[in-house]
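First up is the structure itself, then whatever we jot down about it.
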Amino acid sequence: MPLFINILLLLNSIFHISPVFAQNTKLKSDYNYSFSIYQQTYSQFQQSRQAYLKFSTLNTQEAAVPDARKAQLARLETVKTYLYLQKDSLSTHQISSPTETEIILQNINQKIEAFDQLSKTTSSITSIEQINQNNDSFNTLYEETKELIIQAQIRSQANRLLETLKQISQLLDSLNQGPIPNPAKQSWITQTKKDLEKANQEINSALQAPLLKKVKNNPYQKNLKDSLEYLNQSQETQQKILKNALEIKNLL
Amino acid sequence: MNDQETIIQNLDLPTQNPHPEPQKKRTNPLASKNKKIFFILLPLLGVLLLLLVLSLFVKPQVNTNTQKPTIPTPQVRPISTPVLNDLDQKIQSIQNDINSSQTLPLPDINSDISL
């Protein structure tokens with residue numbers, strides 16, 4: 019009976035999450051659209067710039083500045099839609115550690131506001147100097163944002179795995195409620211408890227270790243790689259538990 | 048006188064049967080009575096024996112019923128097929144959750160949009 023209730027709760031959670039999936043799909047679509055616009059405008063900008071650098075006439079300059087502005091605006095829109103997507107992904111799995119997740123979400127909101135502000139400035143630029151200055155502002159802001167994006171991605175993946183870990187724990191509890199466990203079942207329960215602990219430790223390592231050390235050359239990629247390796251290990255451990263559960267369920 | 052004597056002789060002397068009947072066997076009346084009782088009791092004994100034999104088969108069933116709550120019988124409850132199927136679905140659902148990696152790579156944007 020408790021297993022049945024758990025299954026009902028799980029189904030309920032699946033149906034409860036479905037609107038979030040719909041929202042996630044829309045945000046992905048927005049991001050893909052923004053990125054396609056960026057690719058078009060950037061391609062147009064490259065042609066204008068080549069013409070300007072080749073001829074350096076007033077006409078080519080007048081054509082290049084608006085094309086650069088359009089490309090910069092499209093680039094800003096692409097980053098913003100990407101941040102909305104990250105924010106949504108993080109919000110979906112924030113039950114496990116609400117405080118840490120909330121801090122990252124607030125930081126993302128701040129960055130979105132900063133990019134919004136930069137978009138307003140960009141839309142009104144008319145000179146080459148403003149274009150170049152704006153480009154520098156973007157790069158500074160984007161470098162700060164990259165670190166935040168990686169934090170969000172790691173936290174989002176970790177929260178997702180913590181959720182599945184919780185579901186596996188509930189599964190274990192429901193299977194543990196039989197009258198007298200046979201030796202095979204008892205052995206599985208003992209091993210699964212150890213595996214659950216291992217999976218949890220791997221998630222903690224993913225969250226803590228890589229972000230503490232700063233690697234000078236390409237720190238974001240290094241941090242992300244380290245964290246994802248830990249998260250993959252946790253994922254493999256959880257899959258091992260479930261595989262064993264499927265194999266042993268007939269002996270339960 | 049001869050007639051009288053003959054009559055007297057006939058009276059006094061017992062007449063002998065030339066073919067005497069064979070003497071009847073004399074039966075013991077007490078033995079006959081026991082035999083009758085035996086034949087009456089035999090079916091009763093048979094019925095009693097039958098009841099005894101039947102009681103041997105019927106009695107354990109009655110006892111198990113009454114003793115069931117008191118005797119702890121270690122039993123492993125088998126999981127029904129629908130529950131196993133639900134378990135499969137649940138495990139599959141968690142596996143899908145684990146596999147649905149949503150790490151989106153950073154957008155491939157150019158850092159140099161300048162003139």
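Sequence order for the protein chains is S and A.
In terms of this note's numbering, the first sequence has 156 at position 138, counting the first letter as 1, and numbering is strictly consecutive.
In terms of this note's numbering, the second sequence has 158 at position 111, counting the first letter as 1, and numbering is strictly consecutive.
Beta carbons are placed, not taken as given, at the ideal position from N, Cα and C, and that holds for glycine.
Give me the chain S residues within the contact set of residue i, using Cβ-Cβ distance strictly less than 7 Å, ordered along the chain.
i	result
P154 (chain A)	F53, T96, V97, Y100
Counting only Cβ pairs nearer than 8 Å, list the residues of chain A close to residue i.
i	result
N177 (chain S)	Per Cβ cutoff of 8 Å: no residues; N177 (chain S) is ~11 Å from chain A at best.
I167 (chain S)	L153
L45 (chain S)	Ordered by position in chain A, no residue passes the 8 Å Cβ test against L45 (chain S), which lies about 10 Å from the chain.
If I'm right that residue i touches residue j with Cβ under 8 Å, what's the distance once you round it to whole angstroms?
i	j	result
L225 (chain S)	I172 (chain S)	7 Å
T59 (chain S)	A82 (chain S)	Actually they do not touch by this definition, with Cβ atoms about 13 Å apart.
S6 (chain S)	H111 (chain S)	There is no way to answer for residue 6 (chain S), as the model of chain S reaches only from 19 to 270.
Y56 (chain S)	I156 (chain A)	7 Å
K98 (chain S)	F133 (chain S)	5 Å
R87 (chain S)	T140 (chain S)	6 Å
L166 (chain S)	K129 (chain S)	6 Å
With 7 Å as the threshold, decide whether the Cβ of residue i is near any Cβ in chain A.
i	result
Q124 (chain S)	no
Q90 (chain S)	yes
I146 (chain S)	yes
R93 (chain S)	yes
A82 (chain S)	yes
L260 (chain S)	yes
I149 (chain S)	yes
A274 (chain S)	In the structure as shown, chain S starts at 19 and stops at 270, and residue 274 (chain S) therefore has no counterpart that could be examined.
N3 (chain S)	Residue coverage of chain S in this structure runs from 19 to 270, which leaves residue 3 (chain S) outside it and unanswerable.
A86 (chain S)	yes
N50 (chain S)	no
N218 (chain S)	no
N222 (chain S)	no
N153 (chain S)	yes
N194 (chain S)	no
N250 (chain S)	no
N157 (chain S)	yes
Against chain S, with Cβ distances strictly below 7 Å, would residue i count as a contact?
i	result
S102 (chain A)	no
I138 (chain A)	yes
P119 (chain A)	Low confidence applies here, because P119 (chain A) scores a pLDDT of 47, under 50, leaving its location unreliable and the question unanswered by this model.
V123 (chain A)	In this prediction, V123 (chain A) has a pLDDT of 46, which is less than 50 and means its spatial position is unreliable; nothing more can be read from the coordinates.
Roughly how many angstroms lie between the CA atoms of residue i and residue j, to the nearest whole one?
i	j	result
L264 (chain S)	L249 (chain S)	23 Å
N152 (chain S)	A176 (chain S)	35 Å
F53 (chain S)	P154 (chain A)	8 Å
Q256 (chain S)	L123 (chain S)	27 Å
S140 (chain A)	L94 (chain S)	37 Å
K80 (chain A)	L88 (chain A)	13 Å
T117 (chain S)	L180 (chain S)	15 Å
K243 (chain S)	A170 (chain S)	14 Å
Q253 (chain S)	R67 (chain S)	47 Å
N77 (chain S)	N150 (chain S)	19 Å
E120 (chain S)	L151 (chain A)	20 Å
D135 (chain A)	L45 (chain S)	32 Å
S36 (chain S)	N42 (chain S)	Legend: pLDDT at S36 (chain S) = 44, less than 50; position of this residue unreliable, value from coordinates given subsequently. Rounded to whole angstroms, S36 (chain S) to N42 (chain S) spans 10 Å at the Cα level.
I266 (chain S)	D213 (chain S)	15 Å
I126 (chain S)	N262 (chain S)	40 Å
V100 (chain A)	G93 (chain A)	11 Å
S158 (chain A)	N157 (chain S)	6 Å
I160 (chain A)	Y102 (chain S)	23 Å
K211 (chain S)	K184 (chain S)	12 Å
K216 (chain S)	T182 (chain S)	14 Å
F85 (chain A)	L91 (chain A)	10 Å
Y49 (chain S)	Y70 (chain S)	31 Å
P84 (chain S)	I259 (chain S)	57 Å
T96 (chain S)	T163 (chain S)	13 Å
F104 (chain A)	K83 (chain A)	33 Å
P119 (chain A)	S102 (chain A)	With a pLDDT of only 47 at P119 (chain A), under the threshold of 50, the placement of this residue in the model should not be trusted, and no figure is reported.
T75 (chain S)	Q65 (chain S)	14 Å
N200 (chain S)	L97 (chain A)	45 Å
R178 (chain S)	N143 (chain A)	11 Å
E80 (chain S)	D154 (chain S)	21 Å
Please list the partners that residue i has in chain A, where partner means a Cβ-to-Cβ separation under 7 Å.
i	result
R67 (chain S)	L162
F63 (chain S)	I160
L103 (chain S)	L151
Anything in chain A within Cβ reach of residue i, meaning under 9 Å, just list it in chain order.
i	result
K164 (chain S)	L153
Got a sec: is the Cβ-Cβ distance from residue i to anything in chain D below 7 Å?
i	result
D106 (chain S)	Here chain D cannot be found, since the structure's protein chains are S and A.
(message) Counting beta carbon pairs with one atom in the segment 100 to 107 of chain S and one in the segment 138 to 147 of chain S, are three or more of them shorter than 8 Å?
(response) No: the two stretches stay apart, fewer than three of their Cβ pairs being nearer than 8 Å.
(message) Is it the case that the segment 249 to 261 of chain S contacts the segment 210 to 221 of chain S, given that we only count it when at least three CB pairs across the two stretches are under 8 Å?
(response) Contact between the segment 210 to 221 of chain S and the segment 249 to 261 of chain S is present, with at least three C-beta pairs closer than 8 Å.
(message) For the segment 203 to 210 of chain S against the segment 177 to 194 of chain S, do three or more pairs of beta-carbon atoms, one drawn from each stretch, fall closer than 8 Å, so that the two count as touching?
(response) Counting C-beta pairs with one atom in each stretch, the segment 203 to 210 of chain S and the segment 177 to 194 of chain S have three or more that are closer than 8 Å, which means they touch.
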